[in-house]
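If you're matching positions, the sequence shown starts at 601 in our numbering and goes up one per residue. All residues carry an ideal CB built from backbone N, CA and C; glycine is no exception. For clarity, every value in this text was computed on a predicted model and none was experimentally measured. Read the structure below first, then the notes.
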Amino acid sequence: MKKTTGSNPAITSKWRPATQAVRAGTWRSEHGETSEALFLTSGYSYDSAEEVAARFAGDAVGMQYSRFRNPTVDMLQSRIAAMEGAEACLAQASGMAAMTSSLLCMLSAGDHVVAGRAAFGSCRWILDNVLNRFGITHTAIDGTDNAAWEAAVQPNTKVFFFETPANPTMDLVDLEFVCGLARSKNIKTVVDNAFATPALQRPLDFGADIVAYSATKLMDGQGRVMAGAVCGSKEWIEEKLSPFQRNTGPICAPFNAWVVMKGLETLPLRATTQSANALQIATFLENRGLSVRHPGLASHPQHALAKKQMNAAGPIFAFEAPGEGDAAREKGMALCNALELIDISNNIGDSKTLVCHPATTTHHNMGPEGRASAGIGDGMLRINVGLEDPLDLIEDLEQALDKTGI
Ligand SMILES: *Cc1c(COP(=O)(O)O)cnc(C)c1O
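As structure tokens, then:
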């Protein structure tokens, strides 16, 4: 391997975010390639039997097997760690692999978790259907309510688990308050930062312990591969997560790592442009008299908090088709069907603009009562704003709103 400045954390940690996104983590082979190499290999060969023995004994560093380490995956991990301001990062097969590994490495039988109620469906499912089978209980609360976090703490509470902004209501959790409360009580915080990414929000700067990602979303940014990542202290990653991951195997495939790494090069640009496009479209919908939830709008109850803890409010927001119950649901679905440019899709973070109806898709499993308590209306639509010209997107929404009489 050729030396490059990108592989030296002492240097990359001083770079500004756009430079980190393009160069942090880069190693070069003896060929001096400019674009990071894709190492599609499961195994490695050694110059001698002594060399492999030393690596297995932990006396020499190097590759052994791609479930343990792979050069392409290493590059992605170093780049994410630099962008996040984290001591260490491990990549995973998907966002849900990242969430599951993080929680399993922090919790044991008898422990308790306090979780934000407005969580990604599969995150709720892990708490309800996996952890509970191993004697780990949880309390789901309204994450926007600082007092509720404090009130839910029990003597055996070990983890606070939440996402901010939350899907699809765009509710925020006050990172400084909640992470500070956790520290004062010796509780670890696990933040699902998929909606914001390090380009828009760095939870570690506010005292979080672990930041976990679906890299499938804004990090890849072009809707191509599944991947995840977990960032935290070097000690926790090396002592807890790494042995767990090496032995249970939820690792990121080298090809997927390479695709996400190339996606990261444009992440700051995409996150900023998509956030600006989203704000323009959210403003258009609000001016049309619709109820819109986007932390970038002055009408969002946590607008000031968004300004404090985010660089920009992100590409995703929700708005309500008017009416109640079935009538609202029908209007919302009719609006989706009337769109000509914007695609109906439950994915997010893509450079294509996508719309979905959470009550019948991503949040269907919560049931009507669960949705009502999480503030997800029957007519709510979630939109992921991409990189198209926002004027074309506004024209598409305008014709669809006219057609459906909204
Ligand atoms: C998509 C998503 C996940 C799950 O990630 P996958 O890569 O699909 O496994 C977790 N949390 C949030 C907030 C997400 O948007």
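DSSP three-state label for residue i, please.
i, result
"Ala-715", "strand"
"Phe-919", "strand"
"Lys-952", "coil"
"Glu-633", "coil"
"Arg-679", "helix"
"Ala-812", "strand"
"Asp-647", "coil"
"Arg-628", "strand"
"Val-791", "strand"
"Phe-734", "helix"
"Ile-611", "helix"
"Ile-851", "strand"
Give the range of the beta strand (DSSP E) segment to which residue i is assigned.
i, result
"His-738", "737 to 741"
"Glu-865", "Careful: Glu-865 lies outside any beta strand (DSSP E) and carries neither H nor E."
"Ala-829", "828 to 832"
"Glu-687", "Segment: none, Glu-687 is in no beta strand (DSSP E) and carries neither H nor E."
"Thr-769", "Neither: Thr-769 is in no beta strand (DSSP E) and is coded neither H nor E."
"Thr-961", "Per DSSP, Thr-961 belongs to no beta strand (DSSP E) and is neither H nor E."
"Glu-750", "Glu-750 -> not in any beta strand (DSSP E); alpha helix (DSSP H) instead, spanning 746 to 752."
"Thr-757", "757 to 763"
Assuming residue i and residue j make a contact with CB atoms under 8 Å, what is their CB distance in whole Å?
i, j, result
"Ile-994", "Phe-884", "5 Å"
"Phe-1055", "Pro-854", "Only positions 601 to 1006 of the chain appear in the structure, and residue 1055 is not among them; the question remains open."
"Val-773", "Thr-744", "7 Å"
"Leu-800", "Asn-911", "5 Å"
"Ala-935", "Ile-1006", "Sequence check: residue 935 is Leu here, not Ala. With 8 Å as the limit, Leu-935 and Ile-1006 qualify as a contact, their Cβ atoms being about 6 Å apart."
"Asp-820", "Val-859", "6 Å"
"Leu-727", "Val-713", "7 Å"
"Asp-992", "Leu-941", "6 Å"
"Thr-739", "Ile-976", "Not a contact, Cβ separation roughly 20 Å."
"Ser-814", "Gly-695", "2 Å"
"Arg-802", "Glu-684", "6 Å"
"Pro-895", "Pro-765", "6 Å"
"Ile-736", "Ala-709", "7 Å"
"Leu-867", "Leu-818", "7 Å"
"Leu-841", "Ser-701", "6 Å"
"Ala-906", "Ala-913", "5 Å"
"Thr-553", "Ser-648", "The structure shown has nothing for residue 553, since the chain only spans 601 to 1006."
Considering only heavy atoms of ligand 3, does any lie closer than 8 Å to the CB of residue i?
i, result
"Gly-932", "In the structure shown, ligand 3 is absent; the only ligands present are ligand 1."
Got a sec, what are the start and stop residues for the alpha helix (DSSP H) residue i sits in?
i, result
"Gln-620", "617 to 623"
"Ala-697", "695 to 704"
"Gly-721", "721 to 725"
"Glu-838", "No alpha helix (DSSP H) holds Glu-838; DSSP gives it neither H nor E."
"Leu-800", "797 to 800"
"Gly-967", "967 to 973"
Worksheet item: Whole beta strand (DSSP E) runs in the stretch 978 to 1003 with 3 or more residues, listed along the chain?
Response: Within the stretch 978 to 1003, the runs of beta strand (DSSP E) at least 3 residues long that lie entirely inside it are, in chain order, 980 to 984.
Worksheet item: Looking at C-beta atoms only, is the number of pairs between the stretch 827 to 837 and the stretch 637 to 655 that lie closer than 8 Å three or more?
Response: Contact between the stretch 827 to 837 and the stretch 637 to 655 is absent: fewer than 3 CB-CB pairs across the two stretches fall below 8 Å.
Worksheet entry | Given 8 Å, three or more beta-carbon pairs between the stretch 866 to 883 and the stretch 898 to 917 | Two segments are said to touch when three or more pairs of C-beta atoms, one from each, lie closer than 8 Å; by this definition the stretch 866 to 883 touches the stretch 898 to 917.
Worksheet item: Touching or not, the stretch 975 to 986 and the stretch 948 to 964, by the rule of three or more beta carbon pairs under 8 Å?
Response: The answer is yes - the stretch 948 to 964 touches the stretch 975 to 986, with three or more Cβ pairs under 8 Å.
Practice prompt. Jot down the residue ranges of each uninterrupted beta strand (DSSP E) in the stretch 886 to 950, minimum 3 residues, whole runs only, in chain order.
Written response: Taking 3 residues as the minimum length, the beta strand (DSSP E) runs contained wholly in the stretch 886 to 950 are 916 to 920, in order along the chain.
Worksheet item: Is there contact here, the stretch 649 to 669 with the stretch 610 to 628, by at least three beta-carbon pairs under 8 Å?
Response: No, because fewer than three Cβ pairs between the stretch 649 to 669 and the stretch 610 to 628 fall closer than 8 Å, the two stretches do not touch.
Worksheet item: Counting pairs of beta carbons, one from the stretch 854 to 871 and one from the stretch 666 to 677, are three or more of them closer than 8 Å?
Response: With a cut-off of 8 Å, the stretch 666 to 677 and the stretch 854 to 871 count as touching, because enough Cβ pairs lie within range.
Discussion item. When you compare the stretch 889 to 904 with the stretch 715 to 729, are there three or more beta-carbon pairs, one atom per stretch, that lie closer than 8 Å?
Written reply: Verdict: no, contact absent.
Worksheet entry | Touch test, the stretch 818 to 830 against the stretch 749 to 763, Cβ-Cβ under 8 Å, three pairs minimum | Taking a cut-off of 8 Å for Cβ pairs, the stretch 818 to 830 and the stretch 749 to 763 do not touch, as fewer than three such pairs fall below it.
Practice prompt. Kindly confirm or deny that the stretch 776 to 785 and the stretch 806 to 821 touch, where touching means at least three C-beta pairs closer than 8 Å.
Written response: Cβ pair count under 8 Å is three or more, so yes.
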